[in-house]
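Have a look at the structure below, then the notes.
Number of protein chains: 2
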Amino acid sequence: MSDKALVVLSGGQDSTTCLYWALERFGRGGVETLTFDYGQRHRVELECAANVARHAGVPHRVLPIDTFAALGGNALTDAAQPVPEDSPAEGRLPATFVPGRNLVFLTLAAAWGWPRGIHDLVAGTSQTDYSGYPDCRRDTLDALERTLSLGLERDIRIHTPLMRLSKKETVLLAAELGALEAMALTHTCYRGERPPCGTCAACVLRAKGFAEAGIADPLLAR
Amino acid sequence: MSDKALVVLSGGQDSTTCLYWALERFGRGGVETLTFDYGQRHRVELECAANVARHAGVPHRVLPIDTFAALGGNALTDAAQPVPEDSPAEGRLPATFVPGRNLVFLTLAAAWGWPRGIHDLVAGTSQTDYSGYPDCRRDTLDALERTLSLGLERDIRIHTPLMRLSKKETVLLAAELGALEAMALTHTCYRGERPPCGTCAACVLRAKGFAEAGIADPLLAR
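Protein chains in written order, with this note's numbering: chain C, 1 to 222; chain U, 223 to 444.
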């Protein structure tokens, strides 16, 4: 393990929890954050990421990547596609799946860290929530860890502290790490609304996690 | 193996040879080409890639990626950095090394192929030439193949027909595949000059390959 960590910060609940996990493990001076501007429909996410990083007192950098918008055909970047409100049918990938996106983000994060001597990456991916994205599963990230270590000639580690946690457990972890105040600055709503719509799949999942943890969502208390 | 292949085409000698390799193996109707516009200093490369694809009669698409230029600090995209003329010292990575670039390109190629049912990628990487890029080695690409197959839930293959060939053998393969005429359309010079400067490391390596194969370089015969 190197003594510096790079947190891939989306501005959402999960990556914010990961930032506080990294702060506890690597210390404030050992943590940087990176957000990808991939042409997301909801620009508020970028603002939320910057606010979270500022609140936590760590450096924050936005890296552009225009490729996914050019690929098109996805509900998260393509305004012509509706964002689905329900989970996909069993065995089908969700309409919000952008093939390879998480792999590209983590590879670019490693590339960003490389000249800075940062070999520990932290990502808020989880295989227990409903998303079903295959590039968020731990076996995929184990393979990526090996790929990056070979391809960059460094011992790259991808930390995924939320990988096997339920949303309830993630909320409890955030409370334990002192990340609840920062939660008020995060963004979750798939419709990009603030205050959140409360009815899209992402809002419903978030609300369920806080309810089951018995903690009021600071975002709604504002 | 799927019945369609996607060739990552840089407009250079190696990827052009790979295109003809793919044509032989997958047939003209089974081959598409993809070039990344990553902000390369020498825009002529993009033009060469388009000319090669047109000459071969296959579809060609340019995908933008603005991230590497934003990362900066590299001789291939950063005009402030000189392109080195010599090979790097033993055990050191070359100044033209862009961390993770080949991994990102292949991941995005797989993402481009995914909705099109293309699971066979072809890349002109070689571990026998002087480049020493760790993300071009076969062990790295084996790991990436596994990562992509898990992360995209498809049986992705990365073909690297030149991996263990010398430059001489690559030239002989190009001749065997009927790719020599297309060689006149390719670009190799690190200085971006046409006709090529003949003295940069890339020009010298190309010349050596043709000389050892006993074949005149069609690019110089024009």
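Don't be surprised by glycine CBs; every beta carbon is placed ideally from N, CA and C.
Note that the C-beta distance between histidine 409(U) and cysteine 270(U) is below 7 Å.
For phenylalanine 258(U), the beta-bridge partners assigned by DSSP are Leu285(U). In the three-state reduction of the DSSP assignment, histidine 42(C) falls in the coil class. Using beta-carbon distances, tryptophan 336(U) counts as an interface residue toward chain C, with a partner under 7 Å.
Among the CB atoms of chain U, one or more fall inside 7 Å of the CB of leucine 152(C).
In the three-state DSSP reduction, aspartate 120(C) falls in the strand class (E or B). Every alpha helix (DSSP H) stretch that sits fully inside the region 365-432 of chain U and reaches 4 residues is listed by chain position as 389-398, 402-405.
By the C-beta criterion, the region 148-164 of chain C is judged to be in contact with the region 111-121 of chain C, since at least 3 inter-stretch pairs fall below 8 Å. At a cut-off of 7 Å between C-beta atoms, alanine 291(U) does not count as an interface residue with respect to chain C. For threonine 140(C), at least one C-beta of chain U is nearer than 7 Å to its own C-beta. Here leucine 407(U) has Cys270, Asn273, Val274, His277 as same chain residues with Cβ atoms under 7 Å from its own Cβ, once five neighbours each way along the sequence are excluded.
By the Cβ test, the region 170-177 of chain C is not in contact with the region 135-148 of chain C, since fewer than three Cβ pairs between them sit closer than 8 Å.
For arginine 250(U), no Cβ of chain C is located within less than 7 Å of the residue's own Cβ. Contact annotation for glycine 322(U) against chain C: Thr107, Leu108, Ala110, Ala111, Trp114, Leu148, Gly151, Leu152 [CB-CB distance below 8 Å, chain order]. If the five residues before and after tyrosine 20(C) are omitted, its C-beta is found closer than 6 Å to the C-beta atoms of Leu177, Ala179, all from its own chain and listed in chain order.
Leucine 394(U) and serine 348(U) do not touch by the CB rule: their CB atoms are close to 14 Å apart, not below 8 Å.
Annotation for arginine 283(U): Glu254, Thr255, Leu256, Thr257, Trp334 place their beta carbon closer than 8 Å to its own, counting only its chain and skipping 5 residues before and after. In this structure, alanine 70(C) and proline 286(U) form a Cβ contact; the two beta carbons are roughly 6 Å apart against a cut-off of 8 Å.
For valine 230(U), the uninterrupted beta strand (DSSP E) run begins and ends at 227-230, by DSSP. Under the DSSP assignment, tyrosine 20(C) falls in the alpha helix (DSSP H) whose first and last residues are 13-26. Nearest CB-CB separation between isoleucine 65(C) and chain U: below the 7 Å threshold. Between the C-alpha atoms of tyrosine 190(C) and glycine 420(U) there is a straight-line separation of about 55 Å.
In this structure, the beta-carbon distance from glycine 249(U) to lysine 226(U) does not fall below 7 Å. One alpha carbon belongs to threonine 140(C), the other to serine 371(U), and they sit about 9 Å apart. In terms of Cβ geometry, valine 8(C) and phenylalanine 105(C) form a close pair [threshold 7 Å].
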